[in-house]
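Student: Residue numbers (the working numbering), protein chains in the order written: chain V, 14 to 429; chain Z, 50 to 471.
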């Protein structure tokens, strides 16, 4: 059997990129179980380098072959490329849930011998190829909370929805990240042909850069590199409205007024153009309004290894995000023995159980109280870390690898 | 009312669709009183027209369908049927790749539709998926045999070469615009509504017409036919039989493994007779896998492939068989089971949704993915005449439900309902 892993994301795509590297990493188990099988990774340039890094890092644990791949192939003659761009625009403008087959991409992938494709995130090619595909779906928030401006860009909502609708009918298997995610998928797409036997669960796990990070020396390394305050709250997230940065800033204002405390807040994440830039500007404005601008430290986009040290040096991860059902930073914080405050919403509740302090993401007071409580109570922090160690067992790399292999095996079994 | 029937699949290598079409033609020959004044026309290939005559269908006119357009017909003559034609088709497909299968857009106008309208056709019926119907602009009734492309999309014959998109195109449009859709069972109707209600299908537009025994199955001549076919094809005294196109969802390989397991476990040589078309890539691959498996298990000499069998030989093949073994992954109704029941041949088939409901107690049900279970089932019939006899008896009783009369009545009822709404 020859399995292809196909991705179009760049490392800056946040959680999805991290999940993709988890998959590349987890493939080691598949190679262990099925020594004769071949794995090929299809990735764009940047991801390509990342894939190669993993190859060397994980002791040849990754795919045997890495193919630098771009769907709109950049090596085409310039005239054809221009024509294709024009064609692509037209296509995007009329995108419906109409099934089509991208013959060129499919043939290119099939020519390399690939018999089964794994998509670590929802990509259009997953439903436009005639190679059997497995699609990992990280959330169905566009159905549950469509009011967020993330989905307001023209055609985006429809593209996600139409891709998932087609995947519900056409993919060999869909992969959810938790039982809650599986329920969500079935609830939203069983009317589009999705059946329970075609949805499997692969829970997230700790990324390799946290596993390889030396936690004892990490805080010192972080401080040496970033000029950090002694104690700080940490929130690594793209600047998108659903991440709810503003509530966190306002909570800091309350902590300052009500309790006289001014904990520093370290933010990382890409402040790219468009919505992210606007969201970042909004949160800075909010910080000035409530008088906590001096507490903020924005470090820009930070490499994975540095993120690991930043968790280790932090007092608290505060993640009042509105989206779930699983959020990777919570697992990362647990692995770095950093206590967690996060949102009390469906999915996150099931994920955290008692290993985090859960707050209503809509209530600034709630967030403020939790920050105050944990900031001032070292024993409460220690208790959280101890419980997190326990909870982390459910998200161990072994669990992930086995679940991923089970999915691939089920896919292969169905093909034969 | 002027009713047109469009049939294209009547050759034995079209598999089950051909058998179904023949049953339809036979049913249409028995016109009920309230349709006597109507005009019934058959459009299709020459083979379809010949088949209609053979089953005694009384069509008012039988015509070949028109060419797509004058230009296309000239183009076809210039291009011939070789490489040039293939290249032109490829270019055409590439140019229309987004629009061709776009169910959200109105279906493209099919020139044949205009031709049919000029002839005065007011209602069309096709016994299988047909692009012509949904593009004709004429009210139509269509039989949908299954929606397995949604339930089990992973099989090669389903997902490759745009087949999935083609079926989806037809079904989404049919959900929207068909006057009636004919399903073959309650399960099939439930499946259709579950997956296509979102595209506009409503329960009152789905009729159920259960399959029936095809006309060439002659229960009255089964003893003579068994002797004749066994002699002419040189078949062994006892054998298990599986007639199916060599698509991967038909699961031939598990059956071969089961025969291999029997040989390993008991030393018993159970001959396996296979028939069906295999002249396309997926089927050729299935055949290769099947023969590799057989060779590996040392039972290649037990596998006998009799090719695409003439319809008149089917009676004998079933009647002479010790059992029909059909471990197919698809349903909800599989025609060979009915043929076997009608001819007193015990049945082993898959324990899956749809098939369970279809079989009742008239078959041994096994999980299709388990060669061991298939082997056990074959052995239990092979060594136990009492079981074989009782299964055959239960099969005969079950076959009564799938009688041609019931089929004709249900089919005409569906057409009557369509006629009323047109």
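Note that beta-carbon positions come from the ideal geometry of N, C-alpha and C, so glycine has one too.
In terms of residues, what are the limits of the beta strand (DSSP E) holding residue 311 of chain V?
Tutor: Translated into the one-based positions of the first chain, residue 311 of chain V becomes position 298. It spans 309-311 - the beta strand (DSSP E) in which residue 311 of chain V sits, taken as one unbroken run.
Student: Assuming residue 183 of chain V contacts residue 213 of chain Z (C-beta within less than 8 Å), just tell me the rounded distance between them.
Tutor: One-based indexing of the first chain puts residue 183 of chain V at position 170. One-based indexing of the second chain puts residue 213 of chain Z at position 164. The pair is a contact, with the Cβ atoms about 6 Å apart (cut-off 8 Å).
Student: On a Cα-Cα basis, can you pick out the residue from Z/63, Z/165, Z/174 that is closest to residue 77 of chain Z?
Tutor: Position 28 of the second chain, counted from the first residue, corresponds to residue 77 of chain Z. The residue with the shortest Cα to Cα distance from residue 77 of chain Z is Z/174.
Student: Under 8 Å between C-beta atoms, does residue 197 of chain V make it to chain Z?
Tutor: Residue 197 of chain V sits at position 184 when you count from the first residue of the first chain. No - not a single Cβ of chain Z is within 8 Å of the one on residue 197 of chain V.
Student: For the stretch 176-190 of chain V, which residues have a CB atom closer than 9 Å to at least one CB atom of chain Z, in sequence order?
Tutor: 178, 179, 181, 182, 183, 184, 185, 186
Student: Chain Z partners of residue 428 of chain V, CB-CB under 7 Å?
Tutor: Counting from 1 along the first chain, the entry for residue 428 of chain V is found at position 415. The answer, in chain order, is 203.
Student: Measure from the C-beta of residue 237 of chain Z to each C-beta in chain V and report whether the shortest distance is under 8 Å.
Tutor: Taking the second chain and counting its residues from 1, the one referred to as residue 237 of chain Z is at position 188. So no, residue 237 of chain Z is outside the interface.
Student: Against residue 208 of chain Z, what residues of chain V qualify as contacts under a CB-to-CB distance less than 8 Å, listed in chain order?
Tutor: By one-based count along the second chain, residue 208 of chain Z stands at place 159. The contacting residues are 143, 144, 145, 183.
Student: Once the 5 residues before and after residue 231 of chain Z are set aside, which same chain residues still bring their CB inside 6 Å of it?
Tutor: To locate residue 231 of chain Z, count along the second chain from 1; it is residue 182. The answer, listed in chain order, is 192, 256, 258, 463.
Student: Could you give the distance in angstroms between the alpha-carbon of residue 298 of chain Z and the alpha-carbon of residue 378 of chain Z?
Tutor: The residue labelled residue 298 of chain Z in the question sits at position 249 within the second chain. The residue labelled residue 378 of chain Z in the question sits at position 329 within the second chain. Put simply, the backbone Cα of residue 298 of chain Z is about 5 Å away from that of residue 378 of chain Z.
Student: Between residue 282 of chain V and residue 250 of chain V, which are expected to be in contact by the criterion C-beta below 8 Å, what is the C-beta distance as a whole number of angstroms?
Tutor: Here residue 282 of chain V is taken as the residue at index 269 of the first chain, counted from 1. Here residue 250 of chain V is taken as the residue at index 237 of the first chain, counted from 1. The pair is a contact, with the Cβ atoms about 5 Å apart (cut-off 8 Å).
Student: Could you tell me which uninterrupted alpha helix (DSSP H) segments, each at least 4 residues in length, are contained entirely in the stretch 225-257 of chain V, listed from first to last along the chain?
Tutor: 231-239
Student: Under the three-state reduction of DSSP, which class applies to residue 151 of chain Z: helix, strand or coil?
Tutor: Taking the second chain and counting its residues from 1, the one referred to as residue 151 of chain Z is at position 102. Bear in mind that a pLDDT of 49 at residue 151 of chain Z, under 50, signals an unreliable position, so the number given afterwards is only what the model happens to contain. Coil, per DSSP.
Student: For a contact meaning CB atoms closer than 9 Å, what does residue 244 of chain Z contact in chain V?
Tutor: Here residue 244 of chain Z refers to the residue found at position 195 of the second chain. Within chain V, the residues near residue 244 of chain Z are 182, 204, 205, 206.
Student: Where DSSP assigns a beta bridge to residue 291 of chain Z, which residues make up the other side?
Tutor: As a working note, residue 291 of chain Z is residue 242 in the second chain. Z/323, per the DSSP bridge assignment.
Student: Could you check where the beta strand (DSSP E) with residue 287 of chain V kicks off and where it finishes?
Tutor: Position 274 of the first chain holds residue 287 of chain V. Per DSSP, residue 287 of chain V belongs to no beta strand (DSSP E) and is neither H nor E.
Student: Could you tell me which of V/45, V/272, V/123 sits nearest to residue 15 of chain V, measuring between CA atoms?
Tutor: Position 2 of the first chain, counting from 1, holds the residue named residue 15 of chain V. The residue with the shortest Cα to Cα distance from residue 15 of chain V is V/123.
Student: Apply the 10 Å Cβ neighbour rule to residue 114 of chain V and answer buried if 16 or more other Cβ atoms are within range, or exposed otherwise.
Tutor: To locate residue 114 of chain V, count along the first chain from 1; it is residue 101. The residue is buried, with at least 16 neighbouring Cβ atoms inside 10 Å.
Student: Mind checking the stretch 374-403 of chain Z against chain V and listing, in chain order, the residues whose C-beta falls within less than 7 Å of any C-beta there?
Tutor: So nothing in the stretch comes that close.
Student: List the residues of chain V that residue 213 of chain Z touches, going by C-beta distances under 9 Å, in chain order.
Tutor: Residue mapping note: residue 213 of chain Z aligns to position 164 of the second chain, counting from 1. Within 9 Å Cβ-Cβ: 112, 114, 143, 182, 183.
Student: Could you check whether residue 179 of chain V and residue 211 of chain V sit closer than 8 Å to each other, using their CB atoms as the reference points?
Tutor: For this step, residue 211 of chain V is matched to residue 198 along the first chain. For this step, residue 179 of chain V is matched to residue 166 along the first chain. Not a contact, by the Cβ cut-off of 8 Å.
Student: Could you check which residue in Z/290, Z/101, Z/207, Z/425 has the C-alpha nearest to that of residue 369 of chain Z?
Tutor: Stepping through the second chain from its first residue, residue 369 of chain Z is reached at position 320. Selected option, being the one with the closest Cα: Z/290.
Student: Output the boundary residues of the alpha helix (DSSP H) element that contains residue 324 of chain V.
Tutor: Locating residue 324 of chain V in the first chain gives position 311, where the first residue counts as 1. Its alpha helix (DSSP H) spans residues 317-326.
Student: To the nearest angstrom, report how far apart residue 405 of chain V and residue 217 of chain V are at their CA atoms.
Tutor: Along the first chain, one-based indexing puts residue 405 of chain V at 392. Along the first chain, one-based indexing puts residue 217 of chain V at 204. Straight-line Cα distance between these residues: approximately 10 Å.
Student: Verify whether the separation of the beta carbon atoms of residue 260 of chain V and residue 338 of chain V is less than 8 Å.
Tutor: The residue given as residue 260 of chain V occupies position 247 in the first chain. The residue given as residue 338 of chain V occupies position 325 in the first chain. In this structure, residue 338 of chain V does not lie closer than 8 Å to residue 260 of chain V by Cβ.
Student: Once the 5 residues before and after residue 308 of chain Z are set aside, which same chain residues still bring their CB inside 7 Å of it?
Tutor: Taking the second chain and counting its residues from 1, the one referred to as residue 308 of chain Z is at position 259. Only 319, 321, 348, 351 meet the Cβ criterion.
Student: Cα separation between residue 89 of chain V and residue 118 of chain V?
Tutor: The residue you call residue 89 of chain V lines up with position 76 of the first chain. The residue you call residue 118 of chain V lines up with position 105 of the first chain. With a pLDDT of only 45 at residue 89 of chain V, under 50, the local geometry of the prediction cannot be trusted, and the value read off the model is given with reservation. Approximately 13 Å, taken between the alpha carbons.
Student: Taking C-beta pairs closer than 7 Å, name the residues in chain V that residue 199 of chain Z reaches, listed in chain order.
Tutor: Locating residue 199 of chain Z in the second chain gives position 150, counting from the first residue. The contacting residues are 182, 206.
Student: Can residue 264 of chain V and residue 377 of chain V be called in contact, C-beta distance under 8 Å?
Tutor: The sequence position of residue 264 of chain V within the first chain is 251, counting from 1. The sequence position of residue 377 of chain V within the first chain is 364, counting from 1. The beta carbons of residue 264 of chain V and residue 377 of chain V sit closer together than 8 Å.
Student: Quick check on residue 247 of chain Z - is its C-beta less than 8 Å from some C-beta in chain V?
Tutor: In the second chain, the residue the question calls residue 247 of chain Z occupies position 198. Closer than 8 Å: yes.
Student: Is residue 324 of chain Z near residue 302 of chain Z, with beta carbons less than 8 Å apart?
Tutor: The count along the second chain starts at 1 and reaches residue 324 of chain Z at position 275. The count along the second chain starts at 1 and reaches residue 302 of chain Z at position 253. The answer is no: Cβ separation not under 8 Å.
Student: Would DSSP call residue 281 of chain Z helix, strand or coil?
Tutor: Numbered from its first residue, the second chain carries residue 281 of chain Z at position 232. The answer is helix: DSSP assigns residue 281 of chain Z an H, G or I state.
Student: Is it buried or exposed for residue 105 of chain Z, if we count other Cβ within 10 angstroms and need 16 for buried?
Tutor: By one-based count along the second chain, residue 105 of chain Z stands at place 56. Result: exposed.
Student: Work out the CA separation of residue 357 of chain V and residue 371 of chain V for me, nearest whole Å.
Tutor: Here the question's residue 371 of chain V lines up with position 358 in the first chain. Here the question's residue 357 of chain V lines up with position 344 in the first chain. In a straight line, the C-alpha of residue 371 of chain V is about 5 Å away from that of residue 357 of chain V.
Student: Could you pull out every unbroken beta strand (DSSP E) segment of at least 3 residues lying fully inside the stretch 311-361 of chain Z, listed in chain order?
Tutor: 321-324, 352-354
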